[in-house]
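Peer 1: Below is a structure I'd like to ask you about.
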Amino acid sequence: MYAREKMHLRSVPLVLAVELTKAARSKAPIGKLTERIVQRADEITELLAYYQLANGRKETKKLNKLSKQIQKGLSAAFNKFDEYQFAKYDRAAEVTLRDALFLVHPKPKDESQQALFDKIAKNELTVPYTWETELSAAGQTKYKDEKERQAAFRATWEALIDSDRVGYMALLRNLRNMLEAGVSAKHLEKVCSVLTDDAQVARSKQLPFRFLSAYRELKSVKSGYTGLLLEALEAAALHSAANIRGFDSETSVVIACDVSGSMQRSVSAKSKVQNFDVGLMLGMLLQSKCRNVITGMFGDRWKTISLPKRNVLANVMEFHRREGEVGYATNGYLVIQDLLDRNVIVDKIFMFTDCQLWNTNGENIVKVWAKYKRIAPHARLCLFDLAGYGNTPLKLSGNSDVFLVAGWSEKVFDVMAAIEEGQSAVKQIDAVEL
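Residue numbers for the sequence shown follow the working numbering, beginning at 2 and rising by one.
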């Protein structure tokens, strides 16, 4: 529940729920937590697909003997959604909504819900009004020429924007398409008002690099309104950082971003986003909340780069443009060595890295940190692990001034702050009410 509600993760909570059912002596309220973590209709089928995979089911009835607690939780979850929500995610997949209905046997709360369940059973759900369905219909229509086709897509996008039925993430993903369709200034201004609304940014629960992906897509679009949307994305990124605990002018901070070769790997097979992007984005979000801060990047060398605090996305793009200036090794120790050489005492050092901190000069980050602690005994070092390879460059056990935090979300800063205040991450989890 912590992962779903506080960290805004989707798949991890489903995996944890299934793994908990396999624990021999588990007394956890699995049914109750399953109902609570399933917050989208497609998470019912995603959970069942993982259950099938995790239990190695290969026979015809891959989902027979389903955990009673999982069944109980999913049955209750079926009562959370209406026809629009079910239809939006009714897709051909390893496990379909119809499969889930027959397997879980949810009890309808009234006659109208029974009618809805009957529609799922008969594959008769009404096709929902979504941006996907509307654009698909426009794309399947025959037009006499390209001009007519362009006008149809522009009208479709403008109708979608007026409908207020396009979700926040869908807007982020389609800004380029809107510009290329020639959407009117009035409609683009409405889109910007949604993107920059702090309440909608918070509700959208977007991972920070989503704003960067949208920004990057827009940069090459030749439109007079491109700048308008870029400004809106910058404002949205700052809103996403609103709850990050920053540091006052009395606290000196160093932010070091790893731009080595190993960081330039995609976060997944289908994504253009790299670990490199995630680290830079988190680093620039943190910089926007600090008053006394040195930022830079390291590879073969460590180089400080001074950039405006408020241009989060533009700053990331600037780091991208200049990453070749420091080479592609992983000499993270140079960040600390530079402070030693200049006899500069700072309070906090943050490294955004995949923790593959080898070195090419025979030096060791452990030894350099020990030397630095002699001149800066109160300094703290926080490593943000962005890849999960399992590397721990410095020994953490018994070391009260070195922290290792993992994650891609701005929520990692909450965990870091809690640890610094003497709490453990487990205490944060325990605080969630059942």
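Built from N, CA and C at the ideal position, the CB exists for glycine as well.
#1: For L384, which three-state DSSP category applies?
#2: Please give the ranges of any beta strand (DSSP E) in the segment 14–97, keeping only runs that are unbroken, at least 3 residues long and fully inside the region.
#3: Hey, quick one: how far does the alpha helix (DSSP H) through E251 stretch, first residue to last?
#4: Does L136 come out as helix, strand or coil in the three-state DSSP assignment?
#5: Just the Cα atoms here: how many angstroms apart are A243 and L384?
#6: Going by DSSP, which residues form a beta bridge with S267?
#7: Closest to L189 by C-alpha separation, out of D100, Q357 and L161, would be which residue?
#8: Going by DSSP, name the residue or residues bridged to K349.
#9: Is the separation between the beta-carbon of K372 and that of L340 shorter than 8 angstroms?
#10: Can you tell which of T131, K310 and F404 has its C-alpha closest to the C-alpha of M170?
#11: Can you give me the C-alpha to C-alpha distance between E434 and R37, rounded to a whole angstrom?
#12: Cα-Cα, which of G389, A377, N344 and G300 is closest to S269?
#13: What is the DSSP secondary structure of T157, reduced to helix, strand or coil?
#14: Given a cut-off of 8 angstroms, decide if N316 and S253 are closer than it, judged by their beta-carbon atoms.
#15: Return the chain-ordered list of same chain residues with a C-beta closer than 6 angstroms to the C-beta of K110, the five sequence neighbours on each side being excluded.
#16: Got a sec: is the Cβ-Cβ distance from K123 to anything in chain C below 8 angstroms?
#17: With K259 and G280 assumed to form a contact (beta carbons below 8 angstroms), what rounded beta-carbon distance in angstroms separates them?
#18: By Cβ distance below 8 angstroms, which residues in the same chain neighbour V416 in space, the five residues on each side in sequence not counted?
#19: How long is the line joining the alpha carbons of R177 and F277, rounded to whole angstroms?
Peer 2: Reading from the atomic positions:
#1: strand
#2: none
#3: Counting along the chain, E251 falls outside any alpha helix (DSSP H), though it belongs to the beta strand (DSSP E) covering F248 to D259.
#4: In the three-state reduction of the DSSP assignment, L136 falls in the helix class, which pools H, G and I.
#5: Straight-line Cα distance between these residues: approximately 22 angstroms.
#6: DSSP links S267 through a beta bridge to Q275.
#7: L161
#8: V254 and R381
#9: no
#10: It is T131 whose Cα lies nearest to the Cα of M170.
#11: 12 angstroms
#12: G389
#13: helix
#14: no
#15: N80
#16: Chain labels in this structure do not include chain C; a single protein chain is all it has.
#17: Inspection of the sequence shows that residue 259 is occupied by Asp rather than by Lys. Contact flag correct, Cβ pair sits at about 6 angstroms.
#18: V406, G408, A426 and Q429
#19: Spanning the alpha carbons of R177 and F277 requires a straight line of approximately 23 angstroms.
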